[in-house]
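Q: Have a look at this one.
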Ligand code: PEP
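In the numbering used here, the protein residues as written are 25 to 281.
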């Protein structure tokens, strides 16, 4: 349990939900936890549902996040979305460096770093994803991969900015597979990530940065994960697509405090 860091539950809807379906899901979630302020809740619909979900969230405590953005200000980048475009839709958070982007769309550490800096320059809070593949874990390289990805993504991020960055540890082998990291595996990487932040920014700031776990988190395994000293919330994929399971996760975070 942490008294310094408020727990955060973010739903990554990936390429699911139309504008209308997204607004309906948001309404269902809001009806149950819309006024909850003891836990931060962020919904990350696809770009095409940001406006309708944003409208549903107006005046509520639940925040709006995007799943990606391009670091350029504007210009000839067909199919891309800028930070400013997200801001005009009242987006406050943006998922960056998700393993699906790294794997299917070629996002490199350097590109993720550009995105993190651009997000921060535009007052968007990055939810930076890092994590190892199964081969990397089995090769004993988990901490090295997490270190490389974290350090690269945070290059140029100032001490003033770091507390607005949220880091999600998402072991690639646990995403959408039903295989969850054990609490010991997850806590080990979270504690290691905090030690990296300690080295980069000092003890006080390292204690303020929220570290989320992501990878098949669901109501049945969340309480144990959220009770770990360095796990400050969850980035949720599959279980975020239905109000019932997502609300249960928010409630688990409330209990874990
Ligand atoms: C994710 O993709 O961010 C994720 C954690 O997915 P799932 O919960 O479905 O494993």
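Don't be surprised by glycine CBs; every beta carbon is placed ideally from N, CA and C.
Given the structure is predicted, the values throughout are model-derived calculations rather than measurements.
Is residue 92 near the ligand PEP, with its Cβ less than 6 Å from a heavy atom?
A: Not so, every heavy atom of the ligand PEP lies at least 6 Å from the Cβ.
Q: Is any non-hydrogen atom of the ligand PEP found closer than 6 Å to the C-beta of residue 250, if you look at the structure I gave you?
A: No; taking the cut-off as 6 Å, the Cβ of residue 250 has no heavy atom of the ligand PEP nearer than that.
Q: Using a Cβ-Cβ cut-off of 6 Å (strictly less than) and excluding sequence neighbours within five positions of residue 148, which residues of its own chain qualify?
A: Excluding sequence neighbours, residue 148 sits near 107 and 118.
Q: Would you say residue 237 and residue 260 are within 7 Å of each other, going by their C-beta atoms?
A: The answer is no: Cβ separation not under 7 Å.
Q: Between which residues of its own chain and residue 70 is the CB-CB distance below 8 Å, once the five residues before and five after are set aside?
A: The answer, listed in chain order, is 37, 38, 39, 40, 41, 46 and 91.
Q: For a test of the three-state rule: what should DSSP assign to residue 57, helix, strand or coil?
A: If DSSP states are grouped into helix, strand and coil, residue 57 belongs with the helices.
Q: Just checking residue 206 against the ligand PEP - is the residue's beta carbon closer than 6 Å to any of the ligand's heavy atoms?
A: It does not: the Cβ of residue 206 is nowhere closer than 6 Å to a heavy atom of the ligand PEP.
Q: Is residue 240 a contact residue of the ligand FAD, with contact defined as CB to any heavy atom under 6 Å?
A: This structure simply doesn't include the ligand FAD; it includes the ligand PEP instead.
Q: State whether the segment 229 to 248 contacts the segment 94 to 107, with contact taken as three or more CB pairs (one from each stretch) at a distance under 8 Å.
A: Verdict: no, contact absent.
Q: Taking its Cβ as the centre, do 16 or more other Cβ atoms sit within 10 Å of residue 25, making it buried, or is it exposed?
A: Unreliable positioning characterises residue 25 in this predicted model, as indicated by a pLDDT of 48, which lies under 50. A coordinate reading is not provided.
Q: Along the chain, where does the beta strand (DSSP E) that runs through residue 161 open and close?
A: First-last for residue 161: 158 to 162, but that is the alpha helix (DSSP H), not the beta strand (DSSP E).
Q: Which two residues bound the contiguous alpha helix (DSSP H) that contains residue 247?
A: Residue 247 -> alpha helix (DSSP H) spans 246 to 250.
Q: Determine the contact status of residue 276 and residue 247, defining contact as a CB-CB distance below 7 Å.
A: For residue 276 and residue 247, yes; Cβs fall inside 7 Å.
Q: Determine the DSSP secondary structure at residue 113, reduced to helix, strand or coil.
A: In this structure, residue 113 counts as coil in the three-state DSSP scheme.
Q: Looking at the structure shown, is residue 131 part of a helix, part of a strand, or coil, going by DSSP?
A: Three-state DSSP puts residue 131 in coil, outside helix and strand.
Q: Return yes when the Cβ of residue 231 is within less than 7 Å of the Cβ of residue 28, no when it is not.
A: Their beta carbons are under 7 Å apart, which means residue 28 touches residue 231 by this criterion.
Q: Does at least one heavy atom of the ligand PEP sit under 6 Å from the Cβ of residue 89?
A: Result no, Cβ not under 6 Å from the ligand PEP.
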